[in-house]
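*Asks:* Submitted below is the structure of interest, expressed as structure tokens.
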Amino acid sequence: MPSLAWRNTLQDRRRLAVTLTGIIFALILVAVQLGLFVGFARTTSNIIDHSGVDLWVCSRGVPYFDVGSILPERRQFQVLEVPGVLSADKLIVRFTFWKRPDGGQETIEVVGFDPHRTAGSPWSLAAGTVSDLLQDGAVMIDESYRQKLGVDHIGQVVEIRGHRARVVGYTRGIRSFTTSPFVFSSFRNALDFAPLNEDETIYLLVRARPGVDLTVLKRRIVQSVPGIDVYTTSEFSRKTQMYWMFTTGAGIALLIAAVMGFAVGVAVVAQTLYAATIDRLREFGTLKAMGASNRYVCVVVAKQACILAVAGYVFALGIGWVAVRAAARSGAPIVLPWQLAVLLLVMALVMSLGGAIISIRKALSVEPSLVMKV
Amino acid sequence: MTGPRVLERIRVERLTKVYRSGTARVVSAISDVDVEVEAGELVLLMGPSGSGKSTLLSMLGCILRPTAGRVLLNGKEVTSLTERELARVRLYQVGHIFQDASLLPGLTAMQNVEMPLELQGIRGRVARRRATALLERFGLGDKLREYPRDLSGGEKQRVGIARALAGDPVILLADEPTAALDLASGRAIFAHLRQLAVEEHRSVVVVTHDHRMEEFATRVLRLEDGKLLPAVVAGGAA
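Chains Y and Z supply the protein sequences, listed in that same order.
For the numbering used here, count along the first sequence from 1 and bump the result up by 1.
The letter at position 188 of the second sequence is residue 171 when you use the numbering used here, and the numbering goes up by one with no holes.
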């Protein structure tokens, strides 16, 4: 026999549609907000996460990725002398100015790396190759920023902080969290754009020799090289994400919106499930008069809530997936990793079961004598 | 067919039910009632409205707790049981037939009859077979998949009887089962109830206003103002 919960849920199709709409709306709101949160968080640290190195060395007190301060080049040699270090590549990350062809100016974030090495290089190219960046003044921008930077073709000559530069390729999906687009160039070219002296850098990207304990290596580098901080890639990524998402309030706003969505969902489920339970009080009375235990009644209402949650989740996930696809090329990336999908299911269940609490209490309070004429 | 398990199925001693209305007013629904119902009996509980019939029936069926006195079902005192234990007594020992059948509208006739079995943990083919057999027995073999809204009053009540019998209880309690039925349907229902009592040795107690059904009873109990009047032995048979 199909469970009573299924029957109760499916019997009133109109109410089911209203409830599902509410749940779907709430879940989409939660999914989009959390997806934006994850998307933005990843955006803030995407260059760190794609660096492929083990450790990041920076000047002491650097709060997050985008505002590193100058390290003298000799730190590179000092780091390379530490036992367990395989390589230490220089990376420049610096805000500077881009002059558009129409005379307008944009702030950009130059990322200067060694094109012979992979550390710090762009990981997704739409046009051109990393080796193209070896040319004098060569730069790459993300295709999504072409309009903002006034670039309409490869080979276009532009001006960065008064220096001639030429666009040799496009990256794809490498967005900056700030309003300043990333502009990739060789380390040598970036010295002019930044500007930095030849014996300066911002970061050192360290690879450890195989089998070396990163915690131990970190400690060794800190002890051997003065005036620096050392982070594992995941530590620096998290530090940067935490700064942008929580210190600036950007993430808090998204999380508050997600909580609001969750609250809306709870309210919708609570209201409709309660109304459905009130309509069925006599049925619950009949069940109890027949000998149904409180547990059985509780399970019936809870199952109804779970059915609504799962059905709402499936629809919301489908719509969420479409939103992810639509946002893929926009400036507001929505990311829906499987962990978030699982979290959403848990939230849908918690939301529905939370909303069902009042209904469960009401159903449990029904006296079996309700069905008798006493 | 169910054989007699205990001769004296229901025993009620000095049963009293008092309702408190507000802070001062006390309404005595049942006062010092003593009743015994044996296996094979069809006992009618009759009396004017407000005489306490349904209240007494609810206490016999462990739906209401008495204010004072004792109820023994199958020789076991049930008055002091916990709510959970009372639910188990209702589930395994008592079959309830309600005034308007009180079928669950979202379930088919067969699913309604399966419900007590599901509550007992009996599911699947066994439950379906038993529900089908019961419905066929009451002439509803062609209505298995009908929903209550598609059944007549008499059919609903027969589904209600089949549901009450699903758990094979030895005690059947019916609260005005024919109140909304025409005479022919009502007589058919009572004929079934008498058969369940006399031929299957169940103990059946029925609350009714309808004096025309007295002929089916083995005994008629009359209540007035919550007190039992001297018993009348009915001699009729269906």
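Glycine residues also receive a C-beta, built at the ideal position from the N, C-alpha and C atoms.
#1: Quick one: give me the first and last residue of the alpha helix (DSSP H) that R120 of chain Z is part of.
#2: How big is the Cα-Cα spacing for P369 of chain Y and A42 of chain Y?
#3: Beta carbon of Q305 of chain Y, beta carbon of A6 of chain Y: below 8 Å?
#4: Output yes if chain Y places a C-beta closer than 8 Å to the C-beta of F81 of chain Z; else output no.
#5: Mark G219 of chain Z as exposed unless 16 or more other C-beta atoms lie within 10 angstroms of its C-beta, in which case mark it buried.
#6: Compare the Cα-Cα distances from G129 of chain Y to each of Y:I155, Y:V39 and Y:V83 and report the closest residue.
#7: I need the boundaries of the beta strand (DSSP E) containing N142 of chain Y, first residue and last residue.
#8: What did DSSP end up calling V265 of chain Y once you bin it into helix, strand or coil?
#9: How many Å lie between I154 of chain Z and T191 of chain Z at the Cα?
#10: My output table needs one value for E60 of chain Z: the three-state DSSP class, helix, strand or coil.
#11: State the CB to CB distance for the pair V169 of chain Y and D200 of chain Y, rounded to an integer number of angstroms; the pair is presumed to be in contact (CB under 8 Å).
#12: Under 7 Å Cβ to Cβ from E236 of chain Y, same chain only, skipping five residues before and after it: list those, please.
#13: Counting only Cβ pairs nearer than 8 Å, list the residues of chain B close to S4 of chain Z.
#14: Compute the distance between the beta-carbons of R283 of chain Y and V372 of chain Y, then report whether it is under 8 Å.
#15: Taking DSSP as the reference, what is the three-state secondary structure of L282 of chain Y?
#16: So, are the CB atoms of I229 of chain Y and R61 of chain Y less than 8 Å apart?
#17: Judging by CA-CA distance, which residue of Y:D90, Y:F96 and Y:S360 is the nearest neighbour of A120 of chain Y?
#18: Between P(-13) of chain Z and the rest of its own chain, which residues show a CB-CB distance below 6 Å, the 5 nearest in sequence each way excluded?
#19: Give the DSSP-derived three-state secondary structure of C299 of chain Y in the structure shown.
#20: Flag this pair as yes or no: are the beta carbons of Y232 of chain Y and W124 of chain Y separated by less than 8 Å?
#21: My assumption, with CB atoms under 8 Å, is that V18 of chain Z sits in contact with I46 of chain Z. Please give the rounded CB distance.
#22: At which residue ranges does the region 69 to 106 of chain Z contain complete beta strand (DSSP E) runs of 3 or more residues, listed in the order of the chain?
#23: Cβ of G33 of chain Z less than 8 Å from any chain Y Cβ?
#24: Measuring alpha carbon to alpha carbon, tell me which residue in Z:Q76, Z:N95 and Z:V77 is nearest A84 of chain Z.
#25: When we look at the beta-carbon of P102 of chain Y and count the other beta-carbons within 10 Å, is it buried (16 or more) or exposed?
#26: For P49 of chain Z, go through chain Y and note every residue whose CB falls closer than 7 Å to its CB, in chain order.
#27: Within its chain, find whatever has a CB closer than 6 Å to the CB of L69 of chain Z; leave out the 5 residues flanking it on each side and keep chain order.
#28: Bridge partners of R3 of chain Z, per DSSP?
#29: Per DSSP, what kind of secondary structure is M29 of chain Z in: helix, strand or coil?
#30: How many whole angstroms separate the CB atoms of F285 of chain Y and A364 of chain Y, which I take to be in contact at a CB cut-off of 8 Å?
#31: What is the DSSP secondary structure of I203 of chain Y, reduced to helix, strand or coil?
#32: With a 10 Å radius around its C-beta and 16 neighbouring C-beta atoms as the bar for buried, classify M(-16) of chain Z as buried or exposed.
#33: Distance, Cα to Cα, A1 of chain Y vs P160 of chain Z?
#34: Assign Q242 of chain Y to one of two classes, buried (16 or more other C-beta atoms within 10 Å of its C-beta) or exposed (fewer than that).
#35: Hey, would you say V142 of chain Z sits closer than 8 Å to L148 of chain Z, going by beta carbons?
#36: Interface residues of chain Y around A92 of chain Z at Cβ under 9 Å?
*Replies:* Quick look at the numbers:
#1: Counted from its first residue, the second sequence places residue 120 of chain Z at position 137. Taken as a continuous stretch (DSSP letters only), the alpha helix (DSSP H) holding R120 of chain Z covers G107 to R120.
#2: Along the first sequence, one-based indexing puts residue 369 of chain Y at 368. Along the first sequence, one-based indexing puts residue 42 of chain Y at 41. So the two alpha carbons sit approximately 54 Å from each other.
#3: Walking along the first sequence from the start, residue 305 of chain Y turns up at place 304. Walking along the first sequence from the start, residue 6 of chain Y turns up at place 5. Against a cut-off of 8 Å, the Cβ pair of A6 of chain Y and Q305 of chain Y comes out as a contact.
#4: Residue numbering aside, residue 81 of chain Z sits at position 98 when the second sequence is read from its first letter. It does; some Cβ of chain Y falls within 8 Å.
#5: In the second sequence, the residue the question calls residue 219 of chain Z occupies position 236. For G219 of chain Z, the predicted model reports a pLDDT of 48, less than 50, meaning its position is unreliable; a value from the coordinates is still stated below. Label assigned to G219 of chain Z: exposed.
#6: Here residue 129 of chain Y corresponds to residue number 128 of the first sequence, with the count starting at 1. Closest by alpha carbon: Y:I155.
#7: One-based indexing of the first sequence puts residue 142 of chain Y at position 141. The sequence given here places Ile at residue 142 of chain Y; Asn does not occur at that position. Note, I142 of chain Y: beta strand (DSSP E), A139 to D143.
#8: For the purposes of this step, residue 265 of chain Y is taken as residue 264 along the first sequence, with counting starting at 1. In the structure shown, V265 of chain Y sits in a helix (DSSP, three-state: H, G or I).
#9: The residue labelled residue 154 of chain Z in the question sits at position 171 within the second sequence. The residue labelled residue 191 of chain Z in the question sits at position 208 within the second sequence. Each residue's Cα considered, the two are about 17 Å apart.
#10: For the purposes of this step, residue 60 of chain Z is identified with residue 77 of the second sequence, where counting begins at 1. Strand.
#11: The residue given as residue 169 of chain Y occupies position 168 in the first sequence. The residue given as residue 200 of chain Y occupies position 199 in the first sequence. About 27 Å separates the beta carbons of V169 of chain Y and D200 of chain Y, which is beyond the 8 Å limit, so they are not a contact pair.
#12: As a working note, residue 236 of chain Y is residue 235 in the first sequence. Excluding sequence neighbours, E236 of chain Y sits near nothing in its chain.
#13: In the displayed structure, chain B is absent; the protein chains listed are Y and Z.
#14: The residue labelled residue 283 of chain Y in the question sits at position 282 within the first sequence. The residue labelled residue 372 of chain Y in the question sits at position 371 within the first sequence. A distance below 8 Å separates the beta carbons of R283 of chain Y and V372 of chain Y.
#15: The residue labelled residue 282 of chain Y in the question sits at position 281 within the first sequence. Residue state, collapsed to three classes: helix.
#16: Mapped onto the first sequence, residue 229 of chain Y falls at position 228. Mapped onto the first sequence, residue 61 of chain Y falls at position 60. Their beta carbons are under 8 Å apart, which means I229 of chain Y touches R61 of chain Y by this criterion.
#17: On the first sequence, residue 120 of chain Y is found 119 positions in, with the first residue counted as 1. Relative to A120 of chain Y, the option among Y:D90, Y:F96 and Y:S360 whose CA is nearest is Y:D90.
#18: Taking the second sequence and counting its residues from 1, one reaches residue -13 of chain Z at position 4. For P(-13) of chain Z, the predicted model reports a pLDDT of 43, less than 50, meaning its position is unreliable and no value from the coordinates is stated.
#19: Along the first sequence, one-based indexing puts residue 299 of chain Y at 298. Of the three classes helix, strand and coil, the one that applies to C299 of chain Y here is helix, per DSSP.
#20: Along the first sequence, read from residue 1 onward, the residue named residue 232 of chain Y stands at position 231. Along the first sequence, read from residue 1 onward, the residue named residue 124 of chain Y stands at position 123. Taking 8 Å as the Cβ cut-off, Y232 of chain Y and W124 of chain Y do not qualify as a contacting pair.
#21: Locating residue 18 of chain Z in the second sequence gives position 35, counting from the first residue. Locating residue 46 of chain Z in the second sequence gives position 63, counting from the first residue. Not really, about 16 Å apart at Cβ, beyond 8 Å.
#22: 77 to 80
#23: Position 50 of the second sequence, counting from 1, holds the residue named residue 33 of chain Z. Chain Y, which has no Cβ nearer than 8 Å to the Cβ of G33 of chain Z, makes this no.
#24: Mapped onto the second sequence, residue 84 of chain Z falls at position 101. Its Cα nearest to that of A84 of chain Z, the residue Z:N95 stands out among Z:Q76, Z:N95 and Z:V77.
#25: Locating residue 102 of chain Y in the first sequence gives position 101, where the first residue counts as 1. Its Cβ having fewer than 16 others within 10 Å, P102 of chain Y is exposed.
#26: As a first step, residue 49 of chain Z is located in the second sequence; it is residue number 66 there, counting from the start. For P49 of chain Z, no chain Y residue has a C-beta closer than 7 Å to its own C-beta; the minimum C-beta separation is roughly 12 Å.
#27: To locate residue 69 of chain Z, count along the second sequence from 1; it is residue 86. If we look at L69 of chain Z and ignore the five residues flanking it on each side, its Cβ neighbours are C45.
#28: Here residue 3 of chain Z refers to the residue found at position 20 when the second sequence is read from its first residue. Paired residues: Z:V9.
#29: Within the second sequence, the letter at position 46 stands for residue 29 of chain Z. If DSSP states are grouped into helix, strand and coil, M29 of chain Z belongs with the strands.
#30: Counting from one through the first sequence, the residue named residue 285 of chain Y turns up at place 284. Counting from one through the first sequence, the residue named residue 364 of chain Y turns up at place 363. Contact flag correct, Cβ pair sits at about 5 Å.
#31: The sequence position of residue 203 of chain Y within the first sequence is 202, counting from 1. It is coil, neither helix nor strand.
#32: As a working mapping, residue -16 of chain Z is identified with position 1 in the second sequence. Here M(-16) of chain Z scores only 44 on pLDDT, less than 50, and its place in the model should not be relied on; the value that follows carries that caveat. M(-16) of chain Z is exposed by the Cβ-count criterion.
#33: An answer regarding residue 1 of chain Y cannot be provided, because it is not within the stretch 2 to 375 covered by chain Y.
#34: For the purposes of this step, residue 242 of chain Y is taken as residue 241 along the first sequence, with counting starting at 1. Q242 of chain Y is buried by the Cβ-count criterion.
#35: On the second sequence, residue 142 of chain Z is found 159 positions in, with the first residue counted as 1. On the second sequence, residue 148 of chain Z is found 165 positions in, with the first residue counted as 1. No.
#36: For the purposes of this step, residue 92 of chain Z is taken as the residue at position 109 of the second sequence. Going along chain Y, no residue has its Cβ under 9 Å from A92 of chain Z, so there is no contact; the nearest lies around 12 Å.
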